[in-house]
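Down below is the structure, laid out as structure tokens.
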Amino acid sequence: MTMLTVYAVACFAAVYAGAVAVEQDQLLNTVVLFGAAAVMLVAIRREAAHAVVLIRTVTAIRHGLPLPGRADDIARIERATALPSRCVCEAWWTTLGTRHDRRCPALPTKEPR
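Numbers given in this note's numbering equal positions in the sequence shown, counted from 1, plus 8.
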């Protein structure tokens with residue numbers, strides 16, 4: 009949801025700056041800024057679609073239903089990259105989420121030590 013907000017603010021800022029560039033007859037700046045706004049719209053669409061899939065996945069898991077379509081793959085990725093709730097080690101934060109301490113209860117068996 010945070011990225012959706014960031015993209016929306018950036019899109020509105022690019023549209024505003026593009027409108028100012030139109031008033032000042034700066035054709036190249038206008039094209040670049042409106043192009044950036046279009047890219048932000050594509051990013052907003054992608055983030056919204058991702059959020060919908062995640063919401064459907066969570067709903068399916070909570071209610072014991074089969075996962076919808078490719079949501080199974082996305083759910084596995086989210087689960088693999090999320091910080092385990094039982095992680096208490098300092099190494100997780102200092103290595104930007106790449107390693108755990110050897111005694112951390114959240115340490116998967118296949119993770120490098």
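For glycine and all other residues, C-beta sits at the position ideal for the given N, C-alpha and C. Every value quoted in this text rests on a predicted model; they were computed, and no experiment measured them.
Is the CB of residue i under 7 angstroms away from at least one CB in chain B?
i, result
"Y24", "Given the protein chain composition of this structure (a single chain), no chain B is represented."
For residue i, collect the residues of the same chain with a Cβ closer than 6 angstroms to its Cβ; drop the 5 residues on either side in sequence, then sort them by chain order.
i, result
"F20", "none"
"D109", "C97, A99"
"R111", "none"
Let me make sure I understand the geometry here. Which of the options has the alpha-carbon closest to that of residue i?
i, options, result
"L41", "A99, I52, A29, T67", "A29"
"M11", "Q32, V39, L49, D109", "L49"
"T38", "G26, A44, R53", "G26"
"A16", "E31, G105, P74, V47", "V47"
"A56", "G105, W101, T13", "T13"
Output the distance between the C-alpha atoms of residue i and residue j, rounded to the nearest integer angstrom.
i, j, result
"A51", "V66", "23 angstroms"
"R107", "E98", "10 angstroms"
"H71", "T103", "36 angstroms"
Is the beta carbon of residue j closer than 7 angstroms to that of residue i?
i, j, result
"V23", "A45", "yes"
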